[in-house]
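S.K.:
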Amino acid sequence: MTLLLFDIDGTLVRVNGAGRDTIKHALSSLLDHPITTDGVSFSGRTDPNILASILEENGLPAGESEVSAALDAYVDAMTGVLTPEDVEVLPGVRPLLEQLHDHADIQLALVTGNVEAIAYEKLGVHDLDEYFPIGAFGSDHADRNQLPHIASRRAAAHAGHDFQPEQQAVVIGDTPHDITCARAAGARAIAVCTGGYERAALSDQQPDVLHDRLPAPHTFLRQVGVGA
Ligand SMILES: [Mg+2]
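Residues in the sequence shown are numbered consecutively from 932, following this note's numbering.
Encoded structure:
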């Protein structure tokens, strides 16, 4: 069996400015202090990491308890607010997930920097959540590189089948961080240029496969080494 670990933002969906705006307003109101998120990159990072950077950028304490309070405020503010117009399903995603989900030799899972509640908020807007019974999230670890192993353990418990990331896992993502995280776990990496990174920036990290967008299901299956 092959374990496919999908990133969310820039890989499955693109969320408009709602995420950044919500963080800004939630933190400004929590801290009673105008917060800027300018200069803080969100791409490929875990939510706890992003929030810690925002607090630091604004000259505020960014210890464990401050980050945890900021995360709670962010999750509260994001719950139930995203509309279908806020979230774009990226090209090729739905036909690919439909085929992968039904495939006997594939287990789908998420590896995302989003905290779990927000991951499912973003996917649920267009019913993509049903493809992903399990995953590893920013709420599990602030270090993205730890997430593939956590996802593999959960996949094993879910599928009743052990997964060795070195042989059986593929990380699919849109940033250099996704490729680094695949390598840290010994997994293969498929990169797509549907997020914020140019082809050359992803190519520099030498993913196993690099696509402009997610390919047709039969091409994808061949590239992950699974028969249709
Ligand atoms: Mg991403």
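Idealized CB from N, CA, C, for every residue including glycine.
If you scan the segment 1003 to 1041 from start to end, which runs of the beta strand (DSSP E) of 3 or more residues do you find wholly inside it?
M.R.: Within the segment 1003 to 1041, the complete beta strand (DSSP E) segments of 3 residues or longer fall at 1018 to 1020, listed in chain order.
S.K.: Run the CB neighbour count on Pro-979, radius 10 Å, all protein chains shown included, and call it buried at 16 or more, exposed below.
M.R.: Within the sequence shown, residue 979 is the residue found at index 48, counting from 1. By the neighbour-count rule (16 or more Cβ atoms within 10 Å), Pro-979 is buried.
S.K.: Mark Ala-1035 as exposed unless 16 or more other C-beta atoms lie within 10 angstroms of its C-beta, in which case mark it buried.
M.R.: On the sequence shown, position 104 is the one that residue 1035 refers to. Flag for Ala-1035 reads exposed.
S.K.: Thinking C-alpha only, which one of Leu-958, Arg-1114 and Pro-1107 is nearest Ser-1134?
M.R.: The residue given as residue 1134 occupies position 203 in the sequence shown. Of the listed residues, the one whose Cα sits closest to Ser-1134 is Pro-1107.
S.K.: Below 8 Å between beta carbons: does that hold for Ile-1081 and Leu-935?
M.R.: For this step, residue 1081 is matched to residue 150 along the sequence shown. For this step, residue 935 is matched to residue 4 along the sequence shown. In this structure, Leu-935 does not lie closer than 8 Å to Ile-1081 by Cβ.
S.K.: Determine the DSSP secondary structure at Asp-1103, reduced to helix, strand or coil.
M.R.: Locating residue 1103 in the sequence shown gives position 172, counting from the first residue. Per the sequence shown, residue 1103 should be read as Ile rather than Asp. Correct three-state label for Ile-1103: strand.
S.K.: Do Cys-1124 and Arg-1075 come within 8 Å of each other at the CB atom, strictly closer than that value?
M.R.: Translated into positions along the sequence shown, residue 1075 becomes position 144. Translated into positions along the sequence shown, residue 1124 becomes position 193. Their beta carbons are not under 8 Å apart, which means Arg-1075 does not touch Cys-1124 by this criterion.
S.K.: Within 10 angstroms of the Cβ of Asn-947, are there 16 or more other Cβ atoms? Answer buried if so, exposed if not.
M.R.: Residue numbering aside, residue 947 sits at position 16 when the sequence shown is read from its first letter. That one is exposed.
S.K.: Quick check: is any heavy atom of ligand 1 less than 7 Å from the C-beta of Asp-1143?
M.R.: Counted from its first residue, the sequence shown places residue 1143 at position 212. No.
S.K.: State yes or no: is the C-beta of Thr-942 within less than 8 Å of the C-beta of Gly-1127?
M.R.: What you label residue 942 is simply residue 11 of the sequence shown in a count that begins at 1. What you label residue 1127 is simply residue 196 of the sequence shown in a count that begins at 1. Contact flag unset, no.
S.K.: If you follow the alpha helix (DSSP H) that Ala-1048 is part of, which residue opens it and which one closes it?
M.R.: On the sequence shown, residue 1048 is found 117 positions in, with the first residue counted as 1. Where Ala-1048 is concerned, the enclosing alpha helix (DSSP H) stretches over 1047 to 1055.
S.K.: What I want to know is whether the C-beta of Ser-1070 ends up closer than 7 Å to one or more non-hydrogen atoms of ligand 1.
M.R.: By 1-based counting over the sequence shown, the position of residue 1070 is 139. The answer is no for Ser-1070.
S.K.: How big is the Cα-Cα spacing for Ala-1120 and Ile-1110?
M.R.: Reading the sequence shown from its first residue, position 189 is the one you call residue 1120. Reading the sequence shown from its first residue, position 179 is the one you call residue 1110. Cα-Cα distance, rounded: 6 Å.
S.K.: Is the beta carbon of Leu-1002 less than 8 Å from the beta carbon of Val-1046?
M.R.: Residue mapping note: residue 1002 aligns to position 71 of the sequence shown, counting from 1. Residue mapping note: residue 1046 aligns to position 115 of the sequence shown, counting from 1. Note that the C-beta distance between Leu-1002 and Val-1046 is below 8 Å.
S.K.: Round the Cβ separation of Leu-962 and Leu-982 to the nearest angstrom and send it over; I've been treating them as touching at under 8 Å.
M.R.: Here the question's residue 962 lines up with position 31 in the sequence shown. Here the question's residue 982 lines up with position 51 in the sequence shown. Rounded to whole angstroms, the Cβ separation of Leu-962 and Leu-982 is 11 Å, and the two are not in contact under 8 Å.
S.K.: What residues in its chain sit with their C-beta under 8 Å from that of Arg-1144, if we drop five residues either side in the sequence?
M.R.: The residue you call residue 1144 lines up with position 213 of the sequence shown. These residues qualify, in order along the chain: Leu-1021, Pro-1022, Gly-1023, Val-1123, Cys-1124 and Thr-1125.
S.K.: Put His-1142 into one of helix, strand or coil per three-state DSSP.
M.R.: The sequence position of residue 1142 within the sequence shown is 211, counting from 1. Strand.
S.K.: Taking the alpha-carbon of Ala-957 as reference, which of Arg-945, Asp-938 and Met-1009 has the nearest alpha-carbon?
M.R.: In the sequence shown, the residue the question calls residue 957 occupies position 26. Of the candidates Arg-945, Asp-938 and Met-1009, the one whose C-alpha sits nearest the C-alpha of Ala-957 is Met-1009.
S.K.: In angstroms, rounded to a whole number, what distance separates the CA positions of Ala-1132 and Leu-1078?
M.R.: The count along the sequence shown starts at 1 and reaches residue 1132 at position 201. The count along the sequence shown starts at 1 and reaches residue 1078 at position 147. Ala-1132 and Leu-1078: Cα-Cα distance of roughly 23 Å.
S.K.: Please indicate yes or no: does the CB of Asp-1074 lie closer than 7 Å to some heavy atom of ligand 1?
M.R.: Within the sequence shown, numbered from 1, the residue matching residue 1074 stands at position 143. Answer for Asp-1074: no, Cβ out of range of ligand 1.
S.K.: Quick check: what's the CA-CA separation for Glu-1097 versus Glu-988?
M.R.: Here residue 1097 is taken as the residue at index 166 of the sequence shown, counted from 1. Here residue 988 is taken as the residue at index 57 of the sequence shown, counted from 1. Going by C-alpha positions, Glu-1097 is about 37 Å away from Glu-988.
S.K.: Please classify Thr-968: is it buried, with 16 or more other beta-carbons within 10 angstroms of its beta-carbon, or exposed?
M.R.: The residue you call residue 968 lines up with position 37 of the sequence shown. Thr-968 is buried by the Cβ-count criterion.
S.K.: Just verifying my parser: in three-state terms, what is the DSSP assignment at Ala-1073?
M.R.: Counting from 1 along the sequence shown, the entry for residue 1073 is found at position 142. Three-state DSSP puts Ala-1073 in coil, outside helix and strand.
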